[in-house]
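Asker: By full-length UniProt numbering, the letter at position 167 of the sequence shown is numbered 167, and the numbering carries on one by one without gaps.
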Amino acid sequence: MLVIERRRIISESVFSLRGKSTLVFMFLLFGQVASEHLVTGIIGESVLLPCDLNLSINPARLRFHWQDHSDVVLYSFNNRVEQEYQNELYTNRTNAFQVEMSSGNISIELKQVTPQDNQKTYWAFALLFDRNDQPIHFTKVCQTTLLVAARFPTPKLTVKYKVMNAMCLTQGGYPKPKVTWTIQDLSQPQNGTLEPREVQTNFTLDPESGLYTVWSQVNFTENYIDNHSVTCQVFNPVLRETVSNTTIIRTSEGLSLSAIVGITLGITLLMLICVGGIIFVYKQCKLQFQDLYYHNENRSSTV
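1. The beta strand (DSSP E) spanning V113 covers which residue range?
2. L169 and K156 look like a contact to me (Cβ under 8 Å); what is the Cβ gap, rounded to whole Å?
3. Would you kindly work out how many angstroms separate the C-alpha atoms of M101 and K120, rounded to a whole number?
4. Anyone know if the C-beta pair for G172 and L110 falls short of 9 Å?
5. Taking all protein chains shown into account, do 16 or more other C-beta atoms lie within 10 angstroms of the C-beta of T271, making it buried, or fewer, making it exposed?
6. Taking only three categories from DSSP, how would you classify D206?
7. Roughly how many whole angstroms lie between the Cα atoms of L127 and S209?
8. Would you kindly work out how many angstroms separate the C-alpha atoms of L269 and V199, rounded to a whole number?
9. Rounded to whole angstroms, what is the Cα-Cα separation between P115 and E82?
10. Please look up how many angstroms separate the CB atoms of S229 and T247, rounded, as I've assumed it's under 8 Å.
11. Per DSSP, which one or two residues make a beta bridge with I248?
12. To the nearest angstrom, how far is the alpha carbon of S216 from that of V159?
13. Going by DSSP in three states, I42 sits in which element: helix, strand or coil?
14. Can you tell me which of the three DSSP states C285 falls into?
15. Return the bridge partner residues of S76 from the DSSP annotation.
16. I need the straight-line Cα distance from C285 to L265, nearest angstrom please.
17. Using 9 Å as the threshold, is the C-beta distance between T182 and Q233 below it?
18. Alpha carbon to alpha carbon, what distance is there between A150 and P175?
19. How far does the beta strand (DSSP E) with G172 in it extend, from its first residue to its last?
20. For the beta strand (DSSP E) containing I183, list its first residue and its last residue.
21. Kindly indicate the opening and closing residues of the beta strand (DSSP E) around Y212.
22. So which of G44, V218, N87 and Q188 has the shortest CA-CA distance to V163?
23. In this structure, how does DSSP classify C51 when only helix, strand and coil are distinguished?
24. Please state the DSSP three-state secondary structure of G31.
And the structure:
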C-alpha cells in the first residue's frame with residue numbers, strides 16, 4: 001500500500017519527469033534517511049518540521065513533498081505549491097519558506113497543532129534536476145516525529161478541615177500528567193511524599209478539545225494538621241514541566257481531629273439526653289394522667 005501510494009504521487013505530479021518517473025521512484029524508495037528530528041508542538045500554535053539540504057538550489061528544478069506516516073500529503077512543491085495533492089486534514093495548515101528554498105531549506109510550518117497530531121511521523125522526499133532535466137544523483141529524506149503538548153495552569157488547591165482532606169484541580173493541559181502530593185513539617189526540613197494508595201486522582205479527557213482536566217484528593221490525619229504544608233504537583237511528561245501549589249495547614253485555621261471528635265460526641269450525647277428527657281417527661285405525664293383517670297373512675301363507681 002505504501003509503494004502504491006508513493007508511486008501515485010510521484011508519477012502524477014510531485015516528481016514527474018519526462019518518462020523517467022520509474023527512475024525517480026527508485027531513487028526515493030531506496031534513499032537513505034539523512035536526518036531525524038524530534039520536535040514538540042504546543043496545541044493551537046505552529047511548529048516547524050525541519051529539513052535542510054545544505055546546498056544551493058534553483059527552485060525551478062526542485063521537487064519535494066511532505067507526507068505523514070499514513071502517506072497523507074501535507075505539502076507538495078513542483079516549481080509551485082500543488083494544493084491539489086494536499087489532504088483536507090492539512091488545508092490552510094502548512095506553509096513552506098519559498099525565499100529560502102534556493103539555499104536548500106525545504107522545512108515546512110505546521111499550523112494549529114491538535115492532539116490528533118501527537119506522535120505522528122512526517123517525511124520529506126526531495127529530488128533535484130540539472131539544467132538538462134536529468135536527475136542528479138542526490139536525494140535526501142528528512143524524518144520528523146511530532147510530540148504534542150499543552151501547558152497545565154497552576155492548580156487550584158483547597159483544604160477542607162471538617163473532612164480532613166485537600167483537593168487539587170487543574171484543566172486544559174496535554175498529555176496525561178503525573179500528580180504527586182508532598183506534606184512537609186515546617187518545623188523540620190523533611191518532606192514526606194504521599195504513597196499512591198493515599199491519593200485519589202481522576203483524569204478526564206474533553207471529547208471536543210482533547211485536553212485533560214485533572215482532579216486529585218488526599219486525606220490527612222491529625223498528625224499533619226499542626227504547622228504543616230501540603231503541596232500538589234502536576235508534571236507534564238512532554239514539556240518536562242511541573243506546576244504546583246502549596247498551602248499551609250494550621251490549627252488556628254481549623255479544628256483538630258480530637259476536637260472534631262469531641263464536639264461530635266458531645267453533641268450526640270446532648271441529643272441523647274434531650275431525647276431521654278423528653279421520653280421521661282412523656283412517661284411521667286402519661287402515668288399521672290392514668291392515675292387521675294382511675295381515681296375519677298373509682299369515685300364515679302362509689303357514687
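For every residue, glycine included, the Cβ atom is placed at its ideal position computed from N, Cα and C.
Source: prediction; values computed, not measured.
Answerer: The answer reads as follows:
1. Unbroken run through V113: none, as it is neither H nor E.
2. Rounded to whole angstroms, the Cβ separation of L169 and K156 is 5 Å, and the two are in contact under 8 Å.
3. So the alpha carbons of these two residues sit roughly 25 Å apart.
4. No, the Cβ-Cβ distance between G172 and L110 is not below 9 Å.
5. Looking at the sequence shown, residue 271 is not Thr but Met. With fewer than 16 other Cβ atoms within 10 Å, it is exposed.
6. The three-state reading of DSSP puts D206 in coil, since its state is none of H, G, I, E or B.
7. Rounded to whole angstroms, L127 to S209 spans 39 Å at the Cα level.
8. Rounded to whole angstroms, L269 to V199 spans 34 Å at the Cα level.
9. Using only the alpha carbons, I get a separation of about 26 Å.
10. Sure, about 7 Å apart at Cβ, within 8 Å.
11. Its beta-bridge partners are S229.
12. Going from the Cα of S216 to the Cα of V159 covers about 12 Å.
13. In the structure shown, I42 adopts extended strand secondary structure according to DSSP, grouped into three states.
14. Here C285 sits in helix by DSSP.
15. According to DSSP, S76 bridges with H65.
16. C285 and L265 have their C-alpha atoms roughly 30 Å apart.
17. Going by beta carbons, T182 and Q233 fall inside the 9 Å limit.
18. The straight-line gap from Cα to Cα measures roughly 7 Å.
19. For G172, the enclosing beta strand (DSSP E) stretches over residues N165 to G173.
20. I183 -> beta strand (DSSP E) spans K178 to D185.
21. Annotation for Y212: the continuous beta strand (DSSP E) segment containing it runs Y212 to N219.
22. Distances from the CA of V163 to each of G44, V218, N87 and Q188 were compared; the closest alpha carbon is that of V218.
23. The answer is coil: DSSP assigns C51 none of H, G, I, E or B.
24. Low confidence applies to G31: its pLDDT is 43, below 50, so where it sits in the model is not reliable enough to give any reading.
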